[in-house]
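Going by this note's numbering, the sequence shown opens with residue 331, and the numbers climb by one from there. We put the beta carbon where it would ideally sit given N, CA and C, even for glycine.
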Amino acid sequence: MEQRIAIYDTTLRDGAQAEGVSFSLEDKLRIARKLDEFGMDYIEAGWPGSNPKDIDLFERLKGMSFSHARVVAFGSTRRRDRKASDDDLVRMLLDAETPVVTVFGKSWDFHVTHALKAPLQANLDMIFDTIAYLVPRVDEVIFDAEH
Numbered sequence: 331m332e333q334r335i336a337i338y339d340t341t342l343r344d345g346a347q348a349e350g351v352s353f354s355l356e357d358k359l360r361i362a363r364k365l366d367e368f369g370m371d372y373i374e375a376g377w378p379g380s381n382p383k384d385i386d387l388f389e390r391l392k393g394m395s396f397s398h399a400r401v402v403a404f405g406s407t408r409r410r411d412r413k414a415s416d417d418d419l420v421r422m423l424l425d426a427e428t429p430v431v432t433v434f435g436k437s438w439d440f441h442v443t444h445a446l447k448a449p450l451q452a453n454l455d456m457i458f459d460t461i462a463y464l465v466p467r468v469d470e471v472i473f474d475a476e477h
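Structure below.
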C-alpha cells in the first residue's frame with residue numbers, strides 16, 4: 331500500500347487572521363496560484379459567506395483551474411437546532427462549489443458542554459449528520475477536530 335503525506339495550507343484563511351494582515355482579493359488569488367505552483371495538495375480558501383471578500387474569492391475560484399492543488403471550503407458543522415440540509419452555513423459550503431470541504435467540530439468534551447452548551451451526543455450527531463450530508467455532494471470531506 332502506497333503511503334503519501336498530503337500538505338494542507340491555511341494561509342488564505344488562518345494566515346489572514348494575523349494582526350496587521352489584510353489580503354486583497356487579488357492577493358488571495360496570487361497566493362493560491364503560487365501555492366499550486368509549489369505543489370500544495372490542498373488550499374483552504376476560507377469560510378464561504380463569512381465576508382464579502384471571501385464571497386468574491388469563491389466566485390473567482392470557480393472559474394480557475396489548478397495543476398495540482400484542490401481548493402477547500404472551510405466551515406462548521408450544522409447547528410444544533412437544524413438538519414444539515416436546512417442549515418445555511420452548510421449550504422454555503424456547497425454553494426462554494428469546491429471539490430473539498432473541511433468541517434470543524436468540537437472534540438473536547440469541556441468545549442462541547444461549556445462553549446456549545448450541548449450534550450456530548452448532540453455534538454456527535456452534528457458532526458455525523460453534517461459529514462453524511464456532504465459526502466455524496468462533494469469529492470472529499472475532511473473533519474477538523476478542534477479543541
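Check for me: the beta strand (DSSP E) holding R400 runs from which residue to which? Element bounds for R400: R400 to S406.
CB of F473 within 8 Å of CB of A426, strictly: At least 8 Å separates the beta-carbon of F473 from that of A426.
Skipping 5 residues on each side, what residues in its chain have a beta carbon closer than 7 Å to that of S397? Closer than 7 Å at the Cβ level, and outside the excluded window around S397, lie D366.
Count the other CB atoms, across all protein chains shown, that sit within 10 Å of the CB of N497; report buried if there are 16 or more and exposed otherwise. Here the chain comprises residues numbered 331 to 477, so residue 497 is not present and cannot be evaluated.
Segment contact, 8 Å Cβ cut-off, at least three pairs: the stretch 399-407 with the stretch 360-375: In short, these stretches touch, since the Cβ pair count reaches three.
Check T443 in the structure and name its three-state DSSP category. DSSP, reduced to helix, strand and coil, places T443 within a helical segment of the structure shown.
In the DSSP assignment, find the unbroken beta strand (DSSP E) run with V420 in it and report its ends. Following the DSSP letters along the chain, one finds V420 in no beta strand (DSSP E) but inside the alpha helix (DSSP H) bounded by residues D418 to D425.
Buried or exposed, going by whether 16 or more other CB atoms sit within 10 Å of the CB of I337? Using a 10 angstroms sphere on the CB of I337, the tally of other CB atoms stays under 16, which defines it as exposed.
Start-to-end residues for the beta strand (DSSP E) that takes in T432: Element bounds for T432: V430 to K436.
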